[in-house]
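If you want the working numbering, it's the position in the sequence shown, counting the first as 1, plus 13. Backbone N, C-alpha and C fix where the C-beta goes; we use that ideal spot for every residue, glycine too. Working notes for the structure below.
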Amino acid sequence: MVLEHLLTCGCGRTRPEHVALCSEIPHSRQTSWNPSKHTVSMPTDAYGQIEFRGAGHGNKAKGKGCMKFCSSKGVVNDERVKFKTCEVHTSGRQHRSSRYPETHERTVEPWLAKLSHLYPGGLRKFEIQPKLKRVLSKGLSKAARTTGAWILTRGTNTGVGIHVGDALNNHSVKMRGRITTIGMCSWGVLNKQENFLGRNRVTSYHSVACPISKGFKLNSHHTHFLFVDNGTLSQSGAEIELRQKFEKHISQQRLNSQERVPVVSVIIEGGPTAIRTVLTNISAHPRIPVVVFDGTGRAADILAFAQKYSDEQGSLSDSLRAQLLETIKHTFHFNQQQAESLYHDIMQCMKKKQLITVFCLGEDGLEDFDLAILSALLKAQSRANPGNKLRLALAWDRVDIAKQHIFVHGKELPESILEQAMFEALANNQVDFVKLLKDNGVNMHKFLTIARLEELYNATSGPPNTLRYLIYDVRKHGKQSMRYNLYDIGMVVENLMGGTYSSSYTSRKYKVQYTSMRKELSFSFKRNVDLTEPNATIVKETFRYPFNELFIWSVLTNRHQMALYLWKQDEEALAKALIASQLYKGMANSADEINLENEIAEDFIKCSAEFQTLASQLLDQCYKEDDDVTLQLLTVKLDNWSGQTCLSLAAAAEHLDFMAHPCCQLLLSELWMGGLRIRKYINLKVILALVTPPAILLLSFKSKEELLLMPQTFSEHIQDVEEAEKDNDDSSSSSSSSASSFARLKDTEDSFRQSNPATATTPPDPLTPSPLRAKKRQLSLFKKLYEFYSAPITKFWTLSIAYIFFLVLYTFMVLGQIQKKPAIQEIFVISYIVTLGMDHIRELLRSEPPKLSQKIRVFYKSFANCLLAMCVIIFLIGMGLRFFQQTRGWGRVIYSLDIVLWYLQLFNILSVNMYLGTLVNMIGKMEEVAAQPATDLVLQV
């Protein structure tokens, strides 16, 4: 009886463990215990969640599956041993003979795998060199992070499982939750199996093993577990058959109609079972490529040795064969027969060695483990659709692999595949792939349709951004969860740029075009048609400048590196840099207003400063290349950017460094002087000419050729050229020279965008005469009078003198008695103010915003305009009261109060003067500082 109690059954249990739970089952003396014959399967009642404790972090792992029962029988000392069905509980354990689809349906749903890593290996503990462990950690996390992969191990704190778990643990908690790691292990070898009993149970589990504890502990860095029970106790290997079915089933799943889920098996250390698993994987259909991590020991090193020294037919020389057999016997403690059998399996593997990739860390340590995995997948898909290979390289974000294996000489990919890849690269912010695809035949003018651009704005991939908050601010109707359309984007751009900027997406022309295609787009969205698919019916309206549209998209969606690349493409780089600077600044202000994290606003400010620097550097290089044409570049009307100019964009963005550049200062001086060319006593000469008009003839004026170089809008430039052509046939050559100079400047701008240096090349020799300066013709008398009175400096002094004369008469009027009939000085004052008010209304109505509400909002953001409107309105009220006998005194009082505001208005006029403007601005800032304590005192009282 004592011996009977000590003997164990084939399942690993002793007789006392069976007697209490078993019923009699007939047996044969010659029959050995076999799980397929002596077990039955039944639904599980043990599944739920595991909360790991004592692992240094909180973690939950889910387990679901089918509960199985085992009934065993065996022979002990020729006596019949009675067994009863013994109930074995597991979290998601699965009988070895069950079909995988049932397990998959209940274990890890929904289907999310885009790539599967398989890590077969033994339960034996082993050590990895620190250098290899770092490479494994970096490559494994990068591969899983970039592809959304599933990682399949044995899930215990032994063997490969613990090293894979440690590799994943070296990254952030956020990253752990994004990587699906499945542990598939035998139920019979687990420690404290009773903890998992129950349906939908949440159980606490300590993953730190106790020295006296039996069984293996689970690794806490796995997200899912699948326990496999074949009725055995303390015997490993129950999961092997199910794992092979699991792997095969995953490899047969499809991501789409043309592409299967890629699966790769990684061998780290491992025993004989790992070698047999390799043979099974490379012989399966579809074939599963294998990556062998050389240097980790045992099976991995043996496979690496055979791969290195076997010939193309997969054979070894006799000496190497004998050496390998000795290594097998010594490593696995095999006899000669067992070693020969395993050697045969290794040679079978070598016959398909093209599916085996050996990763061997070089001496420099620069090799990437994730690159080896990707190379193995591409080898397995050597005959696959090129589009599948390209999508695989995109998923791994390995542009170097795409250059070496996909975009090779003589191979051309279909246009539809390239366009789909371009969309994915843009959405995923893969700048290098965008460059590669553009250089390999993607036509951006054909690629970027209205539908695709809207899909890009609605893409969920890519870096986090604040676009939804910006759209929430401008939308006045509809659900906030609705799709974004380009009209919403146009409103956002206008809001960030300021009221004077009008986006093309909100123009009437675009609205008509978009309305005509809305039905087709809506129909596509209702059918859930992916507008980026090659075979999808999409609206073919494209953009004239696709890189400009993509540039705005990249800025609004916080793809800064993509924005820097797109900034270098196409034309108008200076304008795009200024636009980006203002957009980022507006996004930073919006982030502050809605109380987002401070880091978000700071990042936007940094991006804005970077584009401001680029704009200043580009302006500096263009100015050194050709100063005359650069002046025209600053004032050319930009039809693609709301008809603005580079100068107005810089002023709107408050780009002080840009405005302080010598080119801008020279431009402002040229604009201030107009057609005059005076170097000394400028103001005195202009005032003298205003007082005595004949003195105008004594002033110096620019020639007709110099007027053509004057900073002006494009239409004004064309008008001057046409007038010059009427005067002299030689003007056509001047126009041609101007066009060639502008073309040279565009070449300089393109060169800067490609090289992006901090400084420019040596500027041209200023002593070399320009073709436009070679021949100068003087202005006619009528043209001189026109240029004099249209010069801003002349207008300034005319306005200033008239305003001072107005203030003198107004002061004299207020100091004297107001008669029943207005005196001559009062009539002049009334006429002046009414005329000034009418001109104020004209400026309001001619301002750039299209809608009257926008005109008013933008126009009266200026303090000077508000002050002038207040002055006029108050004066008109006083004027109305003075014409009635009863209220004439009140009218005089209002006149007296209003004159104070008119004197303040004088400061606004003087602020634009070159010399007085700085003093006026300084006084204004001092008043602001002085007024703050007084305001605080009033509030306290």
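**Item:** Three-pair Cβ contact test at 8 angstroms for the stretch 329-348 versus the stretch 381-390
**Value:** Two segments are said to touch when three or more pairs of C-beta atoms, one from each, lie closer than 8 angstroms; by this definition the stretch 329-348 does not touch the stretch 381-390.
**CB contact flag (residue 886, residue 894, <8 angstroms)** = Annotated as distal: residue 886 and residue 894, with beta-carbon spacing of 8 angstroms or more.
**Request:** Quick one: residues in its chain with C-beta nearer than 7 angstroms to the C-beta of residue 940, no 5 flanking neighbours on either side, listed in chain order?
**Result:** By the criterion of a C-beta distance shorter than 7 angstroms, residue 940 is surrounded by no residue of its chain, once the five residues flanking it on both sides are discounted.
**Message:** For residue 599, which residues in the same chain have their Cβ closer than 6 angstroms to its Cβ, ignoring the five residues on either side in sequence?
**Reply:** Cβ-Cβ distances below 6 angstroms link residue 599 to 509 in the same chain, with the five nearest sequence neighbours on each side left out; the list follows chain order.
**Asked** Would you call the stretch 801-814 and the stretch 682-700 touching, i.e. three or more CB-CB distances under 8 angstroms?
**Response** Flag = yes, the stretch 801-814 and the stretch 682-700 touch.
**Asked** For residue 171, which three-state DSSP category applies?
**Response** Residue 171: coil per DSSP, three-state reduction.
**Prompt:** Contact check, residue 306 vs residue 372 under 8 angstroms by CB: the rounded distance?
**Reply:** Their Cβ separation, rounded to whole angstroms, is 5 angstroms, which keeps residue 306 and residue 372 in contact under 8 angstroms.
**Message:** In whole angstroms, give me the CA-to-CA distance for residue 293 and residue 256.
**Reply:** Here the alpha carbons of residue 256 and residue 293 stand approximately 12 angstroms from one another.
**Request:** Pick out whichever of 393, 415 and 258 has its Cα sitting closest to the Cα of residue 403.
**Result:** The shortest C-alpha separation from residue 403 is found at 415.
**Item:** Unbroken beta strand (DSSP E) run spanning residue 624, endpoints
**Value:** Looking at the DSSP string, residue 624 is not in any beta strand (DSSP E); the run it does join, the alpha helix (DSSP H), is 611-638.
**Request:** Give the secondary structure of residue 654 by DSSP, where H, G and I count as helix, E and B as strand, and everything else as coil.
**Result:** The answer is helix: DSSP assigns residue 654 an H, G or I state.
**Message:** Less than 8 angstroms between the beta carbons of residue 345 and residue 400, yes or no?
**Reply:** No. Outside cutoff.
**Asked** At what residues does the beta strand (DSSP E) containing residue 196 begin and finish?
**Response** Counting along the chain, the beta strand (DSSP E) containing residue 196 begins and ends at 193-199.
**Message:** In the DSSP output, what is residue 211 paired with across the bridge?
**Reply:** Residue 211 is bridged by DSSP to 59.
**Prompt:** Is the Cβ-Cβ distance between residue 527 and residue 563 less than 8 angstroms?
**Reply:** No, they are not a contact pair.
**Prompt:** Should residue 708 be flagged as near chain D, meaning a C-beta pair shorter than 8 angstroms?
**Reply:** Within the model displayed, chain D is absent; a lone protein chain is all it includes.
**Item:** Per-residue burial, residue 938 [other beta carbons within 10 Å of its own, 16 or more giving buried]
**Value:** Around the beta carbon of residue 938, fewer than 16 other beta carbons sit within 10 angstroms, so the residue counts as exposed.
**Prompt:** Going by beta carbon distance, what residues of the same chain come within less than 6 angstroms of residue 151, once the five residues before and after it are set aside?
**Reply:** The beta carbon of residue 151 is closer than 6 angstroms to none in its chain, skipping five residues each way along the sequence.
**Item:** Backbone secondary structure at residue 806 - three-state DSSP
**Value:** For residue 806, the secondary structure class from DSSP, reduced to helix, strand or coil, is helix.
**Asked** Which residues in the same chain as residue 651 place their Cβ atom closer than 7 angstroms to its Cβ, once the five residues preceding and following it in sequence are excluded?
**Response** Excluding sequence neighbours, residue 651 sits near 585, 588, 657 and 658.
**Message:** What does the Cβ neighbour count give for residue 367, buried or exposed, with the cut at 16 atoms within 10 Å?
**Reply:** By the Cβ neighbour-count rule, residue 367 is exposed, with fewer than 16 other Cβ atoms within 10 Å of its own.
**Request:** State whether the stretch 203-218 contacts the stretch 56-68, with contact taken as three or more CB pairs (one from each stretch) at a distance under 8 angstroms.
**Result:** As far as the Cβ criterion goes, the stretch 203-218 touches the stretch 56-68, which means the pair count is three or higher.
**Buried or exposed (CB count within 10 angstroms, at least 16 for buried), residue 53** = That one is exposed.
**Item:** Contacts around residue 514, its chain only, beta-carbon distance under 6 angstroms, and the 5 residues preceding and following it disregarded
**Value:** Around residue 514: 507 and 655.
**Request:** Can you tell me which of the three DSSP states residue 347 falls into?
**Result:** Residue state for residue 347 is assigned as coil, using DSSP reduced to three classes.
**Cut-off 7 angstroms between Cβ atoms - residues of its own chain near residue 438, not counting five sequence neighbours on either side** = Within the same chain, and ignoring the five residues on either side of residue 438 in sequence, the residues whose Cβ sits closer than 7 angstroms to its Cβ are 407, 446, 447 and 450.
**Asked** Are the stretch 312-330 and the stretch 202-210 in contact at 8 angstroms, needing three or more beta carbon pairs?
**Response** The stretch 312-330 vs the stretch 202-210: no contact.
**Request:** For residue 832, count neighbouring C-beta atoms within 10 Å of its own C-beta (all shown protein chains included) and say buried if the count is 16 or more, exposed if not.
**Result:** With a threshold of 16 other beta carbon atoms within 10 Å, residue 832 falls short and is exposed.
**CA-to-CA distance, residue 620 to residue 555, given in whole angstroms** = Taking the straight line joining both Cα atoms gives about 29 angstroms.
**Alpha-carbon spacing of residue 715 relative to residue 812, whole angstroms** = Taken atom to atom, the span from the alpha-carbon of residue 715 to that of residue 812 is near 24 angstroms.
**Exposure of residue 692, with buried meaning 16 or more beta-carbon neighbours within 10 Å** = Within a 10 Å sphere around the beta-carbon of residue 692 sit fewer than 16 other beta-carbons, which makes this residue exposed.
**Item:** Whether residue 644 touches residue 681 by CB criterion (8 angstroms)
**Value:** No, they are not a contact pair.
**Message:** Please classify residue 176 as buried or exposed, where buried requires at least 16 other C-beta atoms within 10 Å of its C-beta.
**Reply:** Residue burial annotation: residue 176 is buried, with at least 16 other C-beta atoms found within 10 angstroms of its C-beta.
**Request:** Could you check what DSSP says for residue 555 in three-state terms: helix, strand or coil?
**Result:** Per DSSP, reduced to three states, the secondary structure at residue 555 is strand.
**8 angstroms Cβ cutoff met for residue 231 and residue 196** = In this structure, residue 196 lies closer than 8 angstroms to residue 231 by Cβ.
**Request:** Give every residue of the same chain whose Cβ lies closer than 6 angstroms to the Cβ of residue 113, excluding the five residues on either side of it in the sequence, and list them in chain order.
**Result:** Any answer about residue 113 is weak, because its pLDDT of 38 lies below 50 and its placement is not dependable; what the coordinates show is given next. If we look at residue 113 and ignore the five residues flanking it on each side, its Cβ neighbours are 258, 259 and 262.
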